[in-house]
Amino acid sequence: MSEISRDEFMAVAAAREFRDGDVAFIGTGLPMVAAYLAKATHAPRVKLVFESGIIDAAPRELASGVGDYRLAYGSPKIAGMSYALSLLQGGRIDIGFLGTAEIDRFGNLNSTVIGPYRQPRVRLPGSGGANDIASMAGRFVVICRLDRRHFVEKLSYLTTPGFLSGPRAREAAALPGSGPSRVITDLAVLGFDPETKMMRVEELYPGVTLEQVHERSGFALGVADDIAEALAPTDRQLHLLRHVIDPDGRYVVAANV
Amino acid sequence: MRSGISKIVPLEAALSAVEDGMSLTAGGFAHSHQPMAMTRALIRRGVRRLTLMGVAECWVAEFLAAAGAVEKAYFSNFMFEGFGRCRRFVEGVETGRIATEDHSHFGMICRLQAAGLGLPFMPLRAMTATDIVEVAGFEDITQKSRFIASPFGNGRVTAVSPLKPDVAIIHAARADAAGNVQLFGATSVIEEQARAASTVIVSVEEIVEADVIPRQPELTILPALLVDAVVHLPFGAHPTGVFGYYEHDAAYLGEYYAASRRQDSTDAFFRRWIHDQADHWSYLDALLVSRLLALRVDPALGTIMTGQRHV
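Protein chains in written order, with our numbering: chain A, -9 to 247; chain B, 146 to 456.
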């Protein structure tokens, strides 16, 4: 096998977050690839719900988005957005995946604006289902490149709740989900200290140092006591990624660029 | 034909319900079943000062914003899957011409549901404790939502107030003259939007005889009692797609996205594809039949698989 790319490490790390039997709320991109990788390996009984209202599809090829008609193939139930999102509120979704423009130490996310809310410097797309997933899914995973533009001391706008201001804040806000469980980046896999709810480094990809990780975060990251090197993708996982699930490298690029 | 009054009307007549300064909501999401022919007609007519009540109708929002027709937007997410931000819409926000009020998707749907179900508010378990409910846009923040205790003592929820659009514009698969509307594939937020809106205008790919819809009534997304007008507009969602009929036109979307970098190139794009076209039929003529036929899907799969493109 040729050199393993950072994208491939991220896809495999994301796939590992699925437990067999989970019902997962999935968006476009790397989470979609990770979901099908998990289903093809350790978690065949995972069921997928897409924001568009497509339930547990078995597409014959990778869809370009949750609105792609290829995604409808093999689905036993197609409805609308209200149906899909209400499954979150009903407590039916175990895990969701989110991207973000900014993330803070408590795993709160911003996908709304950079700068002031009214007449912002950069207007971003807005919450969409992100706030709903983070509020109501059993747990959620964030996928984000690790750099100071993304990992910030203070968000411009809090779109999506992580642990809010810290321990017990989600409970005070009566949010049903347990919050962020993992942050998967291009250098390391991060998690949260169970007591302080603050972000910490849990796994490093091969060749990455803790110093590099700290250097690229805009806030101080903790370090787990049992920090480890991330497991390398297996030959089978790489084969599935490169030749079966995403053969065109649409979301998971097989070489570092 | 069954007897009864036909709701089928010409496009311009149907859109006379949309007046300057009104609030508008539109069907569709991603690159699917957005009412683009109706949107082009509104732009051609020069509609102004609209308030959008949108969830995911990104192309409608972008086109109306690019035409300078949007003043305010209650919404949850406008972006182009596979492309990026809706550039004319975000420029309108960043320059202060468009005022915004943000929501989560479910929060926006709940506000439309409150209106559609005739309720003074709708409770939900999202948006709580975030800037969505704490930072005011153009709306009085206390009139948007409240964190309330259940009257039954079993928890707290966020309550959102109703949003009732003046008009909903929707594109679907087929309808009969009475106004019963069917759609295949994912249905976006059409049911909630139609129930909430004061007036509902639907364009469709096909008009069918009255005995067709009762054969599969479970496919009916809107019964006639929720529909005010039906317009026959084949390829009326182009450049977005309609499940079971045609794919989105990726090349056209890409051409628009490149043009949308600047207002002047966007204006030139609109001149060619909107203002220089007398109506929807001349728009289709300008696209060419070969282009439209190449978008037609395999009816069994509802899509076109790679390697099965029309050549």
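The beta-carbon is built from N, C-alpha and C at its ideal position, and this holds for glycine as well.
So, with DSSP's three-state summary, where would you put residue i?
i, result
"B/R193", "coil"
"A/D250", "Nothing about residue 250 of chain A can be read from this structure; chain A reaches only from -9 to 247."
"B/F228", "coil"
"B/N325", "coil"
"B/S177", "strand"
"A/A244", "coil"
"B/N222", "coil"
"A/H32", "coil"
"B/D356", "coil"
"A/I93", "strand"
"B/M183", "helix"
"B/A244", "strand"
"A/A218", "strand"
"B/P444", "coil"
"B/L367", "strand"
"A/T175", "coil"
"A/H233", "helix"
"B/M272", "coil"
"A/K144", "coil"
"B/A171", "strand"
"B/L432", "helix"
"B/G386", "strand"
"A/L154", "coil"
Which residue wins for smallest C-alpha separation from residue i, given the options the options?
i, options, result
"B/A218", "B/L262, B/A171, B/S410, B/G227", "B/A171"
"A/R138", "A/R113, A/A210, A/A47", "A/A210"
"B/G241", "A/I235, A/R108, A/D84", "A/R108"
"B/F329", "B/G447, B/L438, B/A413", "B/G447"
"A/R6", "A/A163, A/L145, A/D238, A/V131", "A/V131"
"B/I358", "B/F380, B/F251, B/Q327", "B/Q327"
"B/Q338", "B/A244, B/M181, B/S168", "B/S168"
"A/H204", "A/V173, A/A162, A/L52, A/L136", "A/L136"
"A/R158", "A/P184, A/H32, A/K144", "A/P184"
"B/A175", "A/Y59, A/G212, A/A162", "A/Y59"
"A/G97", "A/S207, A/A1, A/D12, A/V173", "A/V173"
"A/E252", "A/R(-4), A/R206, A/A1, A/K29", "The requested residue 252 of chain A does not occur in the structure, where chain A is confined to residues -9 to 247."
"B/I366", "A/A69, A/A218, A/S168", "A/A69"
"A/L154", "A/G86, A/F141, A/L99, A/Y73", "A/L99"
"A/A218", "A/L177, A/G208, A/D236", "A/L177"
"B/A260", "B/W426, B/D421, B/M198", "B/M198"
"B/I293", "A/A48, A/D238, A/A162", "A/A162"
"B/H248", "B/V235, B/D276, B/P265, B/L262", "B/D276"
"B/I254", "A/Q79, A/R111, A/I93", "A/Q79"
"A/A222", "A/R95, A/L194, A/D238", "A/L194"
"B/S306", "B/L262, B/G166, B/R256", "B/R256"
"B/S177", "B/R194, B/R185, B/E226", "B/E226"
Under the assumption that residue i contacts residue j (Cβ atoms under 8 angstroms), give the Cβ distance between them as a whole number of angstroms.
i, j, result
"B/P384", "B/D394", "4 angstroms"
"B/G107", "B/M272", "Residue 107 of chain B cannot be examined here, being either before or after the span of chain B that is shown, 146 to 456."
"B/T196", "B/E216", "6 angstroms"
"B/E363", "B/A318", "Actually they do not touch by this definition, with Cβ atoms about 14 angstroms apart."
"A/V179", "A/A28", "About 15 angstroms; that fails the 8 angstroms criterion."
Who are the Cβ neighbours of residue i in its own chain at under 6 angstroms, not counting the five residues just before and after it?
i, result
"B/A369", "A323, G324, N325"
"A/L274", "Only positions -9 to 247 of chain A appear in the structure, and residue 274 of chain A is not among them; the question remains open."
"B/G237", "A210, I243"
"A/A214", "R190, E192"
"B/R147", "Because the pLDDT at B/R147 is just 49, under 50, the model does not fix this residue reliably, and the value given afterwards should be weighed accordingly. The residues are A355."
When you compare the CB positions of residue i and residue j, do they come within less than 8 angstroms of one another, or not?
i, j, result
"B/V347", "B/V375", "yes"
"A/L20", "A/V242", "yes"
"B/A214", "B/V192", "yes"
"B/R270", "A/S125", "yes"
"B/L160", "B/L187", "yes"
"A/G64", "A/A127", "no"
"B/M224", "B/R230", "yes"
"A/G43", "B/T344", "no"
"B/M181", "B/G389", "no"
"A/A91", "A/L114", "yes"
"B/M183", "B/I314", "yes"
So, at 8 angstroms on beta carbons, what are the nonlocal neighbours of residue i in its own chain, with the 5 sequence-adjacent residues on each side left out?
i, result
"A/S117", "S101, T102, T149, T150"
"A/L75", "E41, G119, D122"
"B/R189", "I419, H420, Q422"
"B/Q288", "S306"
"A/R50", "R60, Y63, G64"
Leaving out five residues before and five after residue i in sequence, what residues of the same chain have Cβ atoms less than 7 angstroms from its Cβ?
i, result
"A/T274", "Lying before the first or after the last residue shown, residue 274 of chain A is absent from chain A, which here runs from -9 to 247."
"A/R82", "V13"
"A/P66", "I45, D46"
"A/R9", "A33"
"B/E284", "E246"
"B/T411", "A211, R233, A404, S405"
State yes or no: is the C-beta of residue i nearer than 7 angstroms to some heavy atom of the ligand ADP?
i, result
"A/H229", "This structure lacks the ligand ADP, and indeed carries no ligand of any kind."
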